[in-house]
Each structure stands twice: as C-alpha cells, then as structure tokens.
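Participant: Before we start, here is the structure in question, set down as structure tokens.
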Amino acid sequence: PIDPNFDSNRERVEGEEAAAASGEDQDEAAVAVWGPVDPPEQLGIHGTHVAVDYDLCIADGTCLEDCPVDVFTWVDTPDHPESERKVEPTFEDQCIDCMLCVDVCPVDAIDVDAS
Ligand code: SF4
Ligand code: F3S
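The sequence shown begins at 4 in this note's numbering and counts up one residue at a time.
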C-alpha cells in the first residue's frame, strides 16, 4: 500500500523531472510529485492532499468513476510495468474527504489526508 507518511519519507521532485514523471510536456508538473522517480518505470507518488502512488496503480479506474467531485483525470504512462495509464489528482483542492477512492482502490494506491 501507499506510505501515508510519504511527505516526510520522500523528497519532492521539482521542475522538468516532475513533469517527465507526469507525462506532461511542460516545465513543471501540475500536482506535486514525490520521488524517487526514474521514468518510464518509476513514477513516484502524485499529489499531496489526495496522493496516488503511480508505482502501485493498476489503472482500475473505480476511484475516478466514483469520486463525487471529479478529482481525478487520466494520464498516459506508456512502458510503466503496472499499467499504461494512471489517475492524476488534478483537482485535489476540490476533495471533500469522503474517502471513497481510498476504500475502493484494489491495490491501496491512494492516501487522502483528512486530518
Ligand atoms: Fe474524491 Fe472522496 Fe477521494 Fe476526495 S476522498 S478524491 S472527494 S473520492
Ligand atoms: Fe489506480 Fe486504484 Fe484508481 S488502481 S485507477 S488508484 S482505483
């Protein structure tokens, strides 16, 4: 499962390295990326309030379908060993802490810091 203490146990990755781990063609990723990253095989944890461990996510998609406020968007992750796409918590600031996504993920890839 995702490490709920990722923000103290991992280093935040910035700039182009973070964008590369998000499959984004820009200078900085839209949400925080917590390393280590080594694209395309290792992509780290994405997000802070709503965090998704890209290296655990198998693209089940239930989180995205069930989120009542549409926090997640798909991101293509070609050549990642677990799945070819991941859910980015693009609108994590909209989260209402319902915990649905945390409960439904079959591989426990999501952490929501509701405290
Ligand atoms: Fe969406 Fe609820 Fe998960 Fe927040 S906790 S991202 S509102 S499903
Ligand atoms: Fe991935 Fe789990 Fe959602 S596998 S797509 S984070 S339900």
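C-beta: ideal position from N, C-alpha, C; glycine also.
Every value quoted in this text rests on a predicted model; they were computed, and no experiment measured them.
Taking the alpha carbon of D41 as the point to measure from, which residue in V110, E91, P84, V90 has its own alpha carbon closest?
Facilitator: Nearest of V110, E91, P84, V90 to D41, Cα basis: P84.
Participant: Of all the options P109, T65, P43, which has the alpha carbon lying nearest to the alpha carbon of A21?
Facilitator: Of P109, T65, P43, the residue nearest in Cα terms is P43.
Participant: Based on the DSSP secondary-structure assignment, which residues constitute the bridge partners of R88?
Facilitator: According to DSSP, R88 bridges with D79.
Participant: Which word fits P92, buried or exposed, when buried means at least 16 other C-beta atoms lie within 10 angstroms of its C-beta?
Facilitator: Answer is buried; the Cβ neighbour count reaches 16.
Participant: Is C55 near the ligand SF4, with its Cβ less than 7 angstroms from a heavy atom?
Facilitator: For the sequence presented, residue 55 should be read as Val rather than Cys. No, the Cβ of V55 stays beyond 7 angstroms of every heavy atom of the ligand SF4.
Participant: Cα-Cα, which of V53, T65, F94 is closest to A117?
Facilitator: Ranking the options by Cα distance to A117, first place goes to V53.
Participant: So, under 8 angstroms CB-CB, G18 and E31 are touching, yes? Tell me the CB distance rounded to an integer number of Å.
Facilitator: Correct: roughly 6 angstroms between the Cβ atoms.
Participant: Output the boundary residues of the beta strand (DSSP E) element that contains D56.
Facilitator: Unbroken beta strand (DSSP E) run through D56: 53 to 56.
Participant: Could you spell out the range, first to last residue, of the alpha helix (DSSP H) harbouring D106?
Facilitator: Start and end: 103 to 107.
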